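Below is one structure; the comments refer to it alone.
Residue numbers (this note's numbering): 24 to 104.
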């Protein structure tokens with residue numbers, strides 16, 4: 024009985040740790056960049072889009088940096104430059 028009480032105190036004292044997902048997360052279910060880390064953004068976008076000087080590449084890089092922005096917002100950011 025004594026051990027049961029000790030175990031219950033130990034388990035109740037343990038704090039649940041929420042593991043946050045690493046890498047890119049966004050609301051788009053079919054996003055090809057889910058889980059990609061910032062260090063790999065350029066390579067991942069190049070592999071998916073191809074030409075690193077294309078509009079598609081620039082939009083995808085913006086999406087990775089601003090995952091909550093809508094497509095129109097990303098286009099607007101792109102046109103500001």
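For every residue, glycine included, the Cβ atom is placed at its ideal position computed from N, Cα and C. Given the structure is predicted, the values throughout are model-derived calculations rather than measurements.
Practice problem: Could you please give the first and the last residue of the uninterrupted alpha helix (DSSP H) stretch that includes residue 66? | Solution: Per DSSP, the unbroken alpha helix (DSSP H) holding residue 66 starts and ends at 64-72.
Practice problem: Using a threshold of 8 Å, state whether the C-beta atoms of residue 85 and residue 100 are closer than that. | Solution: Their beta carbons are under 8 Å apart, which means residue 85 touches residue 100 by this criterion.
Quiz item: Where do the ends of the alpha helix (DSSP H) carrying residue 95 lie?
Solution: The continuous alpha helix (DSSP H) containing residue 95 extends over residues 94-103.
Quiz prompt | Which listed residue (74, 90, 97 and 96) has its alpha carbon closest to that of residue 59 | solution = The candidate whose alpha carbon is nearest that of residue 59 is 90.
Quiz prompt | Contacting residues, own chain, Cβ-Cβ under 8 Å from residue 71 (five flanking each side not counted) | solution = Excluding positions up to five away in sequence, the list reads 55, 56 and 83.
Self-check item: Status (buried if at least 16 other CB within 10 Å, exposed otherwise) for residue 62
Solution: Classification of residue 62: exposed, given that the 10 Å Cβ count is below 16.
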